[in-house]
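*Asks:* Taking the numbering used here, I'd label the letters of the sequence shown as residues 2 to 82.
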Amino acid sequence: MCIAIPATNTCVERLFSDGGNAITSLRTRSQTGEVNQLLFIRRNISTLRELFPPLIEQLKKRKNNNTSTTTMMKRKKFKRR
2 MCIAIPATNT CVERLFSDGG NAITSLRTRS QTGEVNQLLF IRRNISTLRE
52 LFPPLIEQLK KRKNNNTSTT TMMKRKKFKR R
């Protein structure tokens, strides 16, 4: 087993920076597991895109469909009988 100490702190500093961006005043109630998952995704998004390209595209399409449906529902006025 080999344990290595990084020569610089840049990796740790990036992680703390991402953590500061993830935990905002609007997300102070997030659980530790949720924050860990969010940071994992943020740090590994390029690898995840390479491994699961169809899944990423489906999520983008689903997100676009949800926003367009929501905006259409807000604009639609219902007639009262």
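Don't be surprised by glycine CBs; every beta carbon is placed ideally from N, CA and C.
Write down the C-beta distance between G20 and L40 rounded to the nearest angstrom, noting that I regard them as a contact closer than 8 Å.
*Replies:* Taking the sequence shown and counting its residues from 1, the one referred to as residue 20 is at position 19. Taking the sequence shown and counting its residues from 1, the one referred to as residue 40 is at position 39. G20 to L40, Cβ: 6 Å. Contact.
*Asks:* Could you give the DSSP three-state label for R43: helix, strand or coil?
*Replies:* Residue numbering aside, residue 43 sits at position 42 when the sequence shown is read from its first letter. The answer is helix: DSSP assigns R43 an H, G or I state.
*Asks:* For a test of the three-state rule: what should DSSP assign to C3, helix, strand or coil?
*Replies:* Looking up residue 3 in the sequence shown gives position 2. Three-state result, C3: coil.
*Asks:* Can you give me the start and stop residues for the alpha helix (DSSP H) that R30 sits inside?
*Replies:* Position 29 of the sequence shown, counting from 1, holds the residue named residue 30. From DSSP, R30 is part of no alpha helix (DSSP H); its letter is neither H nor E.
*Asks:* In whole angstroms, what separates the C-alpha of T33 from that of I24?
*Replies:* Mapped onto the sequence shown, residue 33 falls at position 32. Mapped onto the sequence shown, residue 24 falls at position 23. So the two alpha carbons sit approximately 10 Å from each other.
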